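J.: Following this message is one structure expressed as structure tokens.
Protein chains in written order, with full-length UniProt numbering: chain A, 1 to 379; chain B, 1 to 379.
Next up, the structure:
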């Protein structure tokens, strides 16, 4: 049992994209990678069987806030951790719960000690501290666990962003101390990733990258992007952070984004992504395909009996037709949610695999510039 | 391409149970059989892949009322029928829509010509006649299609039941005439099953059985049971009908029932069953298992990490634990609906397969009497 390691396999010549291999005690992850979000221990509407067979996921996320509230730590601990509870035996990453807690505007209070908040389920009061969140994530059992940070709201003023960043850094110290003084719980190694913050201010971001890098963690994350800022600003800050984070560690851009966001950020040196977009948009009839974006609710698909996407080797994307999926979603059939979510995730995993292959082949940049207009078009 | 045939493979000695083999142009069906209900062309929450791999379904149902309204006949016809539309390539049976239409109390009117009703989707007015329903089912494309009958409400008076039965018989004549004068639409043979009615009155039921049998259809159905009458009455009428229907044709008991209902009625000579109970109850946290009935919502399962049911060879029933399924259903996760529905259907298909094996082995009656108390117990 060993700490997470990252092997840089190929650096693109035309961009800063990289292909790599992450090794964890639950197996290896080829990067760049997209991680489906499994909020309460289930990727919404997609079974663990489909995650393996059709999506070909290599790692999934769990949300600490949700898992802490339900099923709760006792159930997870007695199960022997989330892998054994939900039957997903490949790597799992858990977020710190910070982002969810901060989203509960009005019902939470931030202090030096931590954050008090109310459960969205029963209104009960809880306190998340850096130490507590380390203990919680130890118990959930992610292979990769995230530092407890404050994610300042989009459009934050400089003074707020600076104060928030200082708090995030003090909290990081407490996270690292607690993490280092507690043992792995289930016989495999857990790894702590710190998170760069600093809103849209380059000096703060640089300062944060340097502070985070000084912790010499096995991987580093960039938070606080895609929170309402214009896309060019997001790209600029992401690029800037990549330049100031160690090259020999995986870089994880949290909560991003569209297929084209992902390709652009791969070109800047991001290795790991997560986002609810493929599942959430799928449930709302928006499909990402190898030929462009489909609103399957549209009447133009009523008689289109062609497969959802023949460009993927996901069985579900090839087996079911656009007309059938449209019918299921219009009829509010549960199977429609499963097909759309599975397909969209399979597309995202296909996309990062394609990116990886083109990085290794040496033509990533031209491939990316050719495919983005195709993927963006509305069919 | 040939009409449905039924080979009686074994008659039980201790009961009237039989094992048989139905052959259709979409494949064979071993009886006794349970048919999952695929209301709008999808068995709720269960993919066609899972129907094959885990449930091991041999035939599924489609509901004419629902399919007629959505996706509508044009979509189904241009697809080449329901099999090609939904990708279920084994046999399909469609009901006549009568039962659903009569359930829309208040918004429908029964006349000699047929039934006028309002769509539950948009309130639009429609007329179902025996001829129209034959045409609709021809277009949907079921291997087995059902006669348009009136199902009198539970507790109907004798005079109403008699008048209703006479109408059902006149409608049957019209169904047969229309069915015989219209061709198969998609290159395979469709088969019309008439339906015995007569409420809880034995003389009417006998009269109906004889009338239905005179049509010499490839199979016969018993309708109008499990509509609120006490269980012993349901058994008595079912048994009575079996005795008055031809032995050399499959007998289909519509809309029944619990696992023990099914076993008892197999013992009377029923060959085919359908019911929404396994899927509907599954969605509401009630599991049927080889050891008894589980309310998975119950707190006693919170820490039970054992598989849902190791007695089945359904992957889903073995892969996921009771504690995980409980968590998913309590969290209203879609995957919980899929697991519970798939498991319950796999249990129903296991049950009829077991029944078949015990009929062939010659110990059906003692096996049935031993297993019913086990299956009924609340765990």
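Where is the CB? At the ideal position from N, CA and C, for every residue including glycine. None of the values given here were measured: they were computed from a predicted structure.
So the candidates are B:124, B:225, B:341; which of them puts its Cα closest to the Cα of residue 57 of chain B?
T.: Here residue 57 of chain B corresponds to residue number 57 of the second chain, with the count starting at 1. It is B:341 whose Cα lies nearest to the Cα of residue 57 of chain B.
J.: On the three-state DSSP scale, how would you describe residue 134 of chain A?
T.: Within the first chain, the letter at position 134 stands for residue 134 of chain A. The answer is helix: DSSP assigns residue 134 of chain A an H, G or I state.
J.: Please list the partners that residue 41 of chain B has in chain A, where partner means a Cβ-to-Cβ separation under 9 Å.
T.: As a first step, residue 41 of chain B must be located in the second chain, where it is residue number 41. The contacting residues are 324, 327, 328, 331, 333.
J.: Count the CB pairs spanning the region 164-171 of chain A and the region 236-256 of chain A that are closer than 8 Å, and state whether there are at least three.
T.: no
J.: Using a threshold of 8 Å, state whether the C-beta atoms of residue 151 of chain B and residue 224 of chain B are closer than that.
T.: By 1-based counting over the second chain, the position of residue 151 of chain B is 151. By 1-based counting over the second chain, the position of residue 224 of chain B is 224. Cβ distance < 8 Å, so residue 151 of chain B and residue 224 of chain B count as in contact.
J.: Three or more beta-carbon pairs under 8 Å between the region 343-353 of chain A and the region 287-303 of chain A, yes or no?
T.: yes
J.: Would you say residue 87 of chain B lies against chain A (beta-carbon separation less than 8 Å)?
T.: Locating residue 87 of chain B in the second chain gives position 87, counting from the first residue. At a cut-off of 8 Å between beta carbons, residue 87 of chain B contacts chain A.
J.: Compute the distance between the beta-carbons of residue 317 of chain B and residue 343 of chain B, then report whether it is under 8 Å.
T.: Residue numbering aside, residue 317 of chain B sits at position 317 when the second chain is read from its first letter. Residue numbering aside, residue 343 of chain B sits at position 343 when the second chain is read from its first letter. Contact: yes.
J.: Which residues in chain B have a C-beta closer than 8 Å to the C-beta of residue 340 of chain A? List them in chain order.
T.: Taking the first residue of the first chain as 1, we reach residue 340 of chain A at position 340. Chain B residues near residue 340 of chain A: none, gap ~11 Å exceeds 8 Å.
J.: Could you have a look at residue 19 of chain B and say whether DSSP puts it in helix, strand or coil?
T.: In the second chain, residue 19 of chain B corresponds to position 19, counting from 1. Reduced to three states, the DSSP call for residue 19 of chain B is strand.
J.: Pull up the DSSP beta-bridge partners for residue 24 of chain A, would you.
T.: Translated into positions along the first chain, residue 24 of chain A becomes position 24. Its beta-bridge partners are A:27.
J.: Out of curiosity, what's the CA-to-CA distance linking residue 226 of chain A and residue 99 of chain A?
T.: The residue you call residue 226 of chain A lines up with position 226 of the first chain. The residue you call residue 99 of chain A lines up with position 99 of the first chain. Spanning the two alpha carbons is a distance of roughly 12 Å.
J.: Quick one: what's got a C-beta closer than 7 Å to residue 380 of chain A's C-beta in the same chain, skipping five residues either side?
T.: The structure shown has nothing for residue 380 of chain A, since chain A only spans 1 to 379.
J.: Examine chain B for any beta-carbon lying closer than 8 Å to the beta-carbon of residue 45 of chain A, and answer yes or no.
T.: Here residue 45 of chain A refers to the residue found at position 45 of the first chain. Closer than 8 Å: yes.
J.: Please give the ranges of any alpha helix (DSSP H) in the region 266-330 of chain A, keeping only runs that are unbroken, at least 4 residues long and fully inside the region.
T.: 277-283, 315-319, 322-330
J.: Only counting runs of 3 or more residues, tell me where the beta strand (DSSP E) segments fall wholly within the region 193-246 of chain A, in order along the chain.
T.: 220-222
J.: Across the region 12-22 of chain A and the region 256-268 of chain A, are there enough close Cβ pairs to call them in contact, namely three or more that are closer than 8 Å?
T.: yes
J.: Along chain A, in chain order, which residues have C-beta atoms closer than 8 Å to that of residue 70 of chain B?
T.: The sequence position of residue 70 of chain B within the second chain is 70, counting from 1. Within 8 Å Cβ-Cβ: 327, 330, 331.
J.: Under 8 Å between C-beta atoms, does residue 185 of chain A make it to chain B?
T.: Position 185 of the first chain, counting from 1, holds the residue named residue 185 of chain A. Not one chain B Cβ lies under 8 Å of residue 185 of chain A.
J.: Considering only the alpha carbon of each residue, which of A:379, A:339, A:365, A:258 lies closest to residue 50 of chain A?
T.: Taking the first residue of the first chain as position 1, residue 50 of chain A is located at position 50. Cα-wise, what sits closest to residue 50 of chain A is A:339.
J.: What do you reckon, are the CB atoms on residue 131 of chain B and residue 162 of chain B nearer than 8 Å?
T.: The sequence position of residue 131 of chain B within the second chain is 131, counting from 1. The sequence position of residue 162 of chain B within the second chain is 162, counting from 1. It is not a contact, given that the beta carbons lie outside the stated cut-off.
J.: Using three-state DSSP, classify residue 338 of chain A as helix, strand or coil.
T.: As a first step, residue 338 of chain A is located in the first chain; it is residue number 338 there, counting from the start. Three-state DSSP puts residue 338 of chain A in a helix.
J.: If the cut is a Cβ gap below 8 Å, which residues of chain A does residue 17 of chain B touch?
T.: Translated into positions along the second chain, residue 17 of chain B becomes position 17. Within chain A, no residue comes near residue 17 of chain B; the closest Cβ sits about 34 Å away, beyond 8 Å.
J.: From the DSSP output, read off the bridge partner residues of residue 5 of chain B.
T.: The residue you call residue 5 of chain B lines up with position 5 of the second chain. In DSSP, residue 5 of chain B forms a bridge with B:23.
J.: List, in chain order, every chain A residue whose beta-carbon is nearer than 8 Å to that of residue 319 of chain B.
T.: As a working mapping, residue 319 of chain B is identified with position 319 in the second chain. Within 8 Å Cβ-Cβ: 48, 49, 87.
J.: If we ignore side chains and look at the alpha-carbon of each, how far apart do residue 353 of chain A and residue 271 of chain A end up?
T.: Translated into positions along the first chain, residue 353 of chain A becomes position 353. Translated into positions along the first chain, residue 271 of chain A becomes position 271. Distance from the CA of residue 353 of chain A to the CA of residue 271 of chain A, rounded to the nearest whole angstrom, comes to 12 Å.
J.: What does DSSP give as the partner residues of residue 252 of chain A in its beta bridges?
T.: Position 252 of the first chain, counted from the start, is the residue given in the question as residue 252 of chain A. The partner list for residue 252 of chain A (beta bridge, DSSP) reads A:221, A:272.
J.: Along chain A, in chain order, which residues have C-beta atoms closer than 8 Å to that of residue 75 of chain B?
T.: Translated into the one-based positions of the second chain, residue 75 of chain B becomes position 75. Under the 8 Å cutoff, chain A gives 302, 303, 323, 327.
J.: Thinking C-alpha only, which one of B:206, B:84, B:283 is nearest residue 186 of chain B?
T.: Reading the second chain from its first residue, position 186 is the one you call residue 186 of chain B. Answer by Cα proximity: B:84.
J.: So the candidates are B:351, B:28, B:334, B:326; which of them puts its Cα closest to the Cα of residue 311 of chain B?
T.: Position 311 of the second chain, counted from the start, is the residue given in the question as residue 311 of chain B. Residue 311 of chain B has its Cα closest to that of B:351, out of B:351, B:28, B:334, B:326.
J.: Would you please state the rounded distance, in angstroms, between the beta carbons of residue 254 of chain B and residue 233 of chain B? I believe it to be under 8 Å.
T.: Along the second chain, read from residue 1 onward, the residue named residue 254 of chain B stands at position 254. Along the second chain, read from residue 1 onward, the residue named residue 233 of chain B stands at position 233. At roughly 16 Å, the Cβ-Cβ gap does not stay under 8 Å, so residue 254 of chain B and residue 233 of chain B are not in contact.
J.: By Cβ distance, which residues of its chain are closer than 6 Å to residue 209 of chain B, with the 5 residues on each side in sequence left out?
T.: Locating residue 209 of chain B in the second chain gives position 209, where the first residue counts as 1. Counting only Cβ-Cβ distances below 6 Å, and skipping sequence neighbours, we find 196, 241, 244, 245.
J.: Since residue 82 of chain A and residue 141 of chain A should fall inside the 8 Å C-beta cutoff, what is the C-beta to C-beta distance between them, to a whole number of angstroms?
T.: In the first chain, counting from the first residue as 1, residue 82 of chain A sits at position 82. In the first chain, counting from the first residue as 1, residue 141 of chain A sits at position 141. By a beta-carbon distance limit of 8 Å, residue 82 of chain A contacts residue 141 of chain A. Their separation comes to about 5 Å.
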